[in-house]
Amino acid sequence: MLERSLVVSAPGKVILHGEHAVVHGKVALAVALDLRTFLRLRPGGGGSVTVRLPGVGVEASWDTPRLRALRSGCPGPPPPRPGTAAVRRGPSVEQLDTLREFAGITAESSAPESLATLAFLYMCLAISAKYGDVPSVDIIVWSELPTGAGLGSSAAYSVCLAAALLTACGAIACPLAEGESTARWTEEELSLINSWAFQGERVIHGNPSGVDNAVGTWGMCVFAEMSLVASRVPTLRILLTNTKVPRSTKVLVAGVKDKILKFPAIMNPVLDSINAISQECQSVLEAMPGNPSPEYYPVLEELFDINQHHLNVMGVGHPSLDRLCHVTASHGLHSKLTGAGGGGCGITLLRPDTSPLAVEAAKRDLCACGFECWETNIGAPGVTLHSSSSLKADVLHALSMS
Ligand SMILES: Nc1ncnc2c1ncn2[C@@H]1O[C@H](COP(=O)(O)OP(=O)(O)OP(=O)(O)O)[C@@H](O)[C@H]1O
Ligand SMILES: C[C@@](O)(CCO)CC(=O)[O-]
Ligand SMILES: [Mg+2]
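Numbering (the UniProt record's numbering), first residue to last: 1 to 402.
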């Protein structure tokens with residue numbers, strides 16, 4: 001059992017192409033975002049598990065003997081093959097019902113705090129059942145990511161939980177040496193973290209593809225058939241806009257499935273077309289040098305436009321996202337939704353030669369719609385272990401360490 005405190009973090013993500021289609025076996029291009037979720041785990045002596053999730057208003061504590069008694073119903077997935085996302089066996093309906101009853105969560109509640117608590121309980125019990133005893137720990141999770149806005153907050157949360165709980169149970173090492181500021185796990189350990197994070201995503205999403213937890217674990221990826229198939233994307237300038245319209249990935253993913261079942265002959269060609277967009281975009285990105293010149297951009301922009309129309313056809317658009325696309329188009333910029341859609345965030349591609357004045361003008365108009373936007377470069381490290389001295393003051397404060 002772990003004797004010292006640890007802090008782990010995992011990044012959010014931006015999906016360039018392939019959201020929703022990836023749930024149905026198509027290719028997705030996704031990149032880590034420099035906004036992270038942080039988790040601090042402290043070994044506790046009190047025979048209890050305490051969890052604080054300020055982002056969703058959860059503060060809970062359970063006695064370890066009560067949790068131990070619940071564990072037999074929570075077997076975990078078999079070990080993954082290196083580089084693969086995970087197997088598709090996870091929590092059963094009965095297991096989740098038992099945990100809901102234990103935590104006082106009403107059936108079918110999709111409230112953020114209910115899903116976060118359920119994912120925590122499932123992962124804590126299943127990981128400890130497989131690798132050791134229920135650890136007496138005190139956990140706090142805080143995030144720079146907006147919750148439920150399409151930037152992979154659920155996956156960053158699940159990846160942090162998997163890394164911390166597996167380390168606490170001794171299933172993976174604690175690779176941070178004295179004097180080091182950050183450390184990462186071995187490839188095999190990352191595969192295990194990813195596999196368990198996928199189980200957390202299953203609790204939150206219902207039917208995740210695994211792309212978000214793969215990005216949270218490895219940082220950036222091209223994702224197909226439950227596996228990473230490549231991992232290099234050039235630096236792209238992106239304007240990220242949060243429409244602040246709340247939505248649930250679980251509900252949107254279920255809606256797309258219903259539409260495909262209802263109109264297979266109409267929807268399957270749309271999925272195939274999105275797959276072709278991801279492949280086309282991947283080949284453009286692969287041909288681009290690290291600091292690309294403007295000549296590559298017209299194709300990337302057109303692919304954004306086509307995919308945005310497809311996502312509308314699939315029923316995951318929203319008037320706020322149409323407005324976002326319209327406003328940026330009036331500044332000569334091209335946008336699409338990112339993540340599950342239905343509100344949440346959109347991304348706008350900025351060319352290397354897009355002037356700061358043009359970006360400022362677009363931002364002003366987007367903010368006038370009530371949206372929040374910020375410019376970012378995409379690409380960030382995957383799940384990471386931190387020394388407390390390497391953390392910024394706001395993170396230390398949020399994790400009650402200052
Ligand atoms: N910081 C956090 N603390 C606790 N739970 C969180 C946190 N961030 C996200 N969650 C959980 O994840 C849920 C949001 O997941 P959801 O998949 O709907 O959105 P997302 O992951 O932000 O977007 P997308 O899946 O489109 O990328 C919340 O309702 C909550 O249960
Ligand atoms: C909508 C979706 O494709 C991406 C959510 O970020 C769902 C998934 O892949 O699990
Ligand atoms: Mg999610």
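Glycine included, C-beta positions come from ideal geometry on N, C-alpha and C.
- Taking a cut-off of 8 Å for Cβ pairs, the segment 43-63 and the segment 8-19 do not touch, as fewer than three such pairs fall below it.
- For Gly150, the CB falls within less than 7 Å of some heavy atom of ligand 1.
- Close CB contacts of Ile127 within its chain, under the 8 Å cut and outside five residues either way in sequence, are with Gly76, Ala162, Leu165, Leu166, Cys169, Ala171, Trp196 (chain order).
- In this structure, the alpha-carbon of Leu35 lies about 27 Å from that of Ala287.
- Per the coordinates, the alpha-carbon of Val327 lies some 24 Å from the alpha-carbon of Cys281.
- Using a cutoff of 7 Å, the CB of Thr249 counts as near ligand 2, since one of the ligand's heavy atoms is closer than that.
- Membership of Trp185 in any alpha helix (DSSP H) is not indicated, and neither H nor E is assigned to it by DSSP.
- Going by C-alpha positions, Lys363 is about 35 Å away from Arg202.
- For ligand 2, no non-hydrogen atom lies closer than 7 Å to the CB of Glu108.
- Secondary structure of Phe371 (DSSP, three-state): coil.
- Assigned with DSSP and collapsed to three states, Asn207 falls in coil, not helix or strand.
- One Cα belongs to Gly255, the other to Pro269, and the distance between them is close to 17 Å.
- Nearest neighbour of Asn291 by Cα position, chosen from Leu240, Pro352, Arg323, turns out to be Pro352.
- Bounds of the beta strand (DSSP E) holding Arg36 are 28-43.
- The alpha-carbon of Phe120 is positioned some 10 Å away from that of Leu53.
- Residue Arg4 holds the alpha-carbon nearest to the alpha-carbon of Val137 among Gly382, Val284, Arg4.
- For Gly346, the three-state secondary structure derived from DSSP is strand.
- Around the beta-carbon of Cys367, fewer than 16 other beta-carbon atoms lie within 10 Å, marking it exposed.
- Residue burial annotation: Glu144 is buried, with at least 16 other C-beta atoms found within 10 angstroms of its C-beta.
- At the C-beta level, Gly152 and Thr243 stay beyond 8 Å of one another.
- Going by DSSP, His318 is part of no alpha helix (DSSP H) at all; its letter is neither H nor E.
- Less than 8 Å divides the Cβ of Leu239 from the Cβ of Cys373.
- Annotated three-state conformation of Asp133 is coil, per DSSP.
- Ligand 2 has no heavy atom closer than 7 Å to the beta-carbon of Ile260.
- Classified as exposed, Leu357 has fewer than 16 neighbouring CB atoms from the shown chains inside 10 Å of its CB.
- For Glu180, same chain residues with a beta-carbon under 7 Å away, outside a window of 5 residues either side, are Ser387 in chain order.
- In chain order, Ala107, Leu118 place their CB closer than 7 Å to the CB of Arg100, counting only its own chain and leaving out the 5 sequence neighbours on each side.
- By the neighbour-count definition (other C-beta atoms within 10 Å, threshold 16), Glu19 is a buried residue.
- Here Gly57 is exposed. Its C-beta has fewer than 16 other C-beta atoms within 10 Å.
- Within the chosen limit of 7 Å, ligand 2 does not reach the beta carbon of Pro269 with any heavy atom.
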